[in-house]
Amino acid sequence: MAMSKAAAVVLLLAVALVSTTTSVAAARHHRDGFAEVFDRQEADLVEALPGQPEGLGVRQFAGYVTVNQTHGRALFYWFFEATHDVVKKPLVLWLNGGPGCSSLGYGALEEVGPLLIQKGTPELRLNPDAWNKEANLLFLEQPAGVGFSYTNTTADLERFGDELAAHDAYTFLVNWFERFPQFKGHDFYIAGESYAGHYVPNLAEKIVEQNKKVHKSRRINFKGFMIGNAAIDEASDDRGMVNYAWDHAVISDELYDAINKNCRFDHAGNSSDFSSTGHNPASNPACDRAMNGFYGAFDHIDLYSLYTPACTANPSGTAGQLPRRLHRSDNGRPLRPRYNSYDPCLDSYAAAYLNRRDVQDALHANATGSIPYAWAACSDPLFQHWQDSPASTLPVIKRMVDAGLRVWVYSGDTDGRVPVSSTRHALRKLGLRTLKQWREWFTSDQVGGFQVDYDGLTFVTVRGAGHMVPTVTPVQASQLFAHFLAAKELPPKPIVA
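Counting with mature numbering (1 follows the signal peptide of the UniProt record, and there is no 0), you get residues -26 to -1, 1 to 471 for the letters of the sequence shown.
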């Protein structure tokens, strides 16, 4: 007789909790804990969402995990089980950037989740290229103050930076595994994009460090990470952004010359010394004027996806543009993409959807209605007060490579903000030996991009993709993800059916 899903979960929980005990008495002690864990999981189970189409076929959970009891900080998650082999598939945490942007509004609803936002009714559609076909998929809104995540201590919003964000994200994982112990032994990976070039390596290092200190029963089975169009080195990113705009005929020769004359970029790509505390390209009035001209050139072009339409109207029909989010050196503009999909206005649909009371009730979000602000894709207060943001995360990435983690970096080649050339310059600073030379990879019979293998790190480009690779090129992105998890080379030759 086939086992029901609920019965299977009960069995998995029993194995997860009892297998670590050393006696019958200890097993009895865990019995009550097992019942409590099961009840907590059931409380987070999402039965269905408004506008959810038929055929999802997987269980989803959502809710809060407390990361600081004293301050009242709690982070919101949304979790989808894999479409098959749930007990065998790895667990992958997805993080979007910002700093201060939501992994629900971007990653889950626009990129890699099994349910994607769309205009009209129904509000959601099934994603044929969802990443939970390859893994159990966990989305996290972090730090507190992003999306549905909150703190009861207002001063926290002015304290967050890279270090505290990593601390809270690690605490979330520890506590989430207590709620879902059946996933504790799974291979664990982290993926993300944009300012996740800070979030992901920092969290990776926190896990590696803590795994050395905690009892083996509390260790996370961490295997590696993958970051896309990632802010990892300001000097390389800033110089590359300007060069890319000139190379692609967006800015004039005069503006290009003015930027090069008045702004300092610390010789991006030419130095192996990435221990500097950084720089500010807008370090004088002449540079300010030149960079304002640079951003003005993108008023009607999507900096984050050069060849796809920009959103020119908000839901009310009036013209508007989303503020650009870049990292902190760029005149206070954080890394927040405008949309680069076939429908460039997805942000407004996601915001309208997630601010609905019936949607929040279904997700167990903002249950008391006490969060004093509307859900937003990015938190401006968090960004404006962001504390520590090192100019480069290359030292952290190098330490993670040396620690033996699987590290893949990918880049959509039509992103103008963290262009492929910036990432290539940054990776050169690592000084890694090339193991397998630059070469094509294929999606079906077409070139999907290029790949190169370094000693401990793989770099992949995705042809035709912008800053949010899975939004524009979902097939290539899911192919990339599957090969990353399998530690397998992307197809070097055309695949002919």
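Glycine included, C-beta positions come from ideal geometry on N, C-alpha and C.
Query raised in the report: Under 8 Å between the Cβ atoms of K63 and E28?
Result: No.
Report task. Give the DSSP-derived three-state secondary structure of K167 in the structure shown. Result -> For the sequence presented, residue 167 should be read as Glu rather than Lys. The three-state secondary structure of E167, taken from DSSP, is strand.
Query raised in the report: Can we say the stretch 444 to 451 touches the stretch 90 to 105, given the rule of at least three CB pairs closer than 8 Å?
Result: Because the criterion of three Cβ pairs below 8 Å is met, the stretch 444 to 451 and the stretch 90 to 105 touch.
Query raised in the report: By how many angstroms is the C-alpha of A82 removed from the C-alpha of L65?
Result: If you draw a straight line from the Cα of L65 to the Cα of A82, it is about 15 Å long.
**Report entry** Length of the line joining the Cα atoms of P311 and F157
**Finding:** Reliability fails at P311, whose pLDDT of 43 lies under 50, so the model's placement of it is uncertain and the value that follows must be treated cautiously. Note on geometry: alpha-carbon atoms of P311 and F157 lie some 32 Å from one another.
**Report entry** Assigned secondary structure, F8 (DSSP; H/G/I helix, E/B strand, else coil)
**Finding:** Here F8 sits in helix by DSSP.
Requested in this report: State the Cα-Cα distance for the pair S123 and Q116, rounded to the nearest angstrom.
Outcome: S123 and Q116: Cα-Cα distance of roughly 7 Å.
Report task. Note down the Cα distance separating S322 from L69, rounded to an integer number of angstroms. Result -> Cα to Cα, S322 sits roughly 20 Å from L69.
Query - Inter-residue Cα distance where the pair is T432 and V381 - result: If you take the alpha carbons of T432 and V381, they lie about 7 Å apart.
Requested in this report: Use the C-beta contact count for Y80: other C-beta atoms within 10 angstroms, 16 or more gives buried, fewer gives exposed.
Outcome: Y80 is buried by the Cβ-count criterion.
**Report entry** C-alpha distance - G198 paired with T408, whole-angstrom precision
**Finding:** Rounded to the nearest whole angstrom, the CA to CA distance from G198 to T408 is 20 Å.
Query raised in the report: At what residues does the alpha helix (DSSP H) containing N236 begin and finish?
Result: Per DSSP, N236 belongs to the alpha helix (DSSP H) from D227 to N236.
Requested in this report: Rounded to whole angstroms, what's the CA-CA distance from G343 to A336? Just pull it up for me.
Outcome: Each residue's Cα considered, the two are about 14 Å apart.
Query - Of the listed residues E21, P73, D136 and G119, nearest to I370 (C-alpha basis) - result: With the sequence shown as reference, residue 370 is identified as Val, and Ile is not the correct amino acid for it. Residue D136 is the option with its Cα nearest to V370.
**Report entry** I201: first and last residue of the uninterrupted beta strand (DSSP E) it sits in
**Finding:** From DSSP, the beta strand (DSSP E) with I201 extends over F196 to G202.
Query raised in the report: Beta carbon of A22, beta carbon of N110: below 8 Å?
Result: Cβ atoms of A22 and N110: not closer than 8 Å.
Query raised in the report: Do three or more CB pairs link the stretch 348 to 355 to the stretch 382 to 389 at distances below 8 Å?
Result: The stretch 348 to 355 is not in contact with the stretch 382 to 389.
Query raised in the report: Should T282 be labelled buried (16 or more other beta-carbon atoms within 10 Å of its own) or exposed?
Result: By the 10 Å Cβ count, T282 comes out buried.
Requested in this report: Mind reading off the beta-carbon distance from D419 to P468? Whole number of angstroms is fine, and I expect it under 8 Å.
Outcome: At roughly 4 Å, the Cβ-Cβ gap stays under 8 Å, so D419 and P468 are in contact.
Query raised in the report: Which whole runs of the alpha helix (DSSP H) in the stretch 92 to 168 are 4 residues long or more, in chain order?
Result: 136 to 153, all fully within the stretch 92 to 168.
Query - L69 - containing alpha helix (DSSP H), residue span - result: Per DSSP, L69 belongs to no alpha helix (DSSP H); it is in the beta strand (DSSP E), L65 to L69.
Requested in this report: Look at the Cβ atom of N203, then the Cβ atom of H441, and state whether they are nearer than 8 Å.
Outcome: In this structure, N203 places its C-beta atom within 8 Å of the C-beta atom of H441.
Query raised in the report: So the alpha helix (DSSP H) T397 belongs to, where does it begin and stop?
Result: Where T397 is concerned, the enclosing alpha helix (DSSP H) starts and stops at V394 to R402.
Query raised in the report: With DSSP run on the structure shown, which of helix, strand or coil describes S250?
Result: Bear in mind that a pLDDT of 31 at S250, under 50, signals an unreliable position, so the number given afterwards is only what the model happens to contain. Reduced to three states, the DSSP call for S250 is coil.
Query raised in the report: If we call anything under 8 Å between Cβ atoms a contact, is A178 one with I225?
Result: Cβ atoms of A178 and I225: not closer than 8 Å.
**Report entry** R33 and V41 closer than 8 Å at C-beta
**Finding:** No. Outside cutoff.
Report task. Count the other CB atoms, across all protein chains shown, that sit within 10 Å of the CB of G243; report buried if there are 16 or more and exposed otherwise. Result -> Unreliable positioning characterises G243 in this predicted model, as indicated by a pLDDT of 38, which lies under 50. A coordinate reading is not provided.
Requested in this report: Have a look at A118, N176, P73 and I201 and flag the residue whose alpha-carbon is nearest the alpha-carbon of P444.
Outcome: Of the listed residues, the one whose Cα sits closest to P444 is I201.
Query raised in the report: Is it true that the CB of A209 sits closer than 8 Å to the CB of A232?
Result: Between A232 and A209, the gap from beta carbon to beta carbon reaches 8 Å or more.
Requested in this report: On a CA-only basis, which of H141, A439, Y173 and S191 is nearest L277? Give me that one, please.
Outcome: It is A439 whose Cα lies nearest to the Cα of L277.
Query raised in the report: Identify the residues that DSSP records as bridge partners of W52: which are they?
Result: Paired residues: A36 and F113.
Query raised in the report: Alpha carbon to alpha carbon, how far is T44 from T145?
Result: Taking the straight line joining both Cα atoms gives about 14 Å.
Query - Where the beta strand (DSSP E) containing G422 begins and where it ends - result: Annotation: the continuous beta strand (DSSP E) that includes G422 extends over Q420 to Y428.
**Report entry** W360 versus L320: straight-line alpha-carbon distance, rounded
**Finding:** Taking the straight line joining both Cα atoms gives about 26 Å.
Query raised in the report: I think Q15 touches L98, with their Cβ atoms under 8 Å apart; what is that distance to the nearest whole Å?
Result: Between L98 and Q15 the Cβ distance is about 23 Å, and since that is not below 8 Å, they are no contact.
**Report entry** Proximity winner among A118, C285, T397 and A129, relative to D211 (alpha-carbon distances)
**Finding:** Closest by C-alpha distance to D211, out of A118, C285, T397 and A129, is T397.
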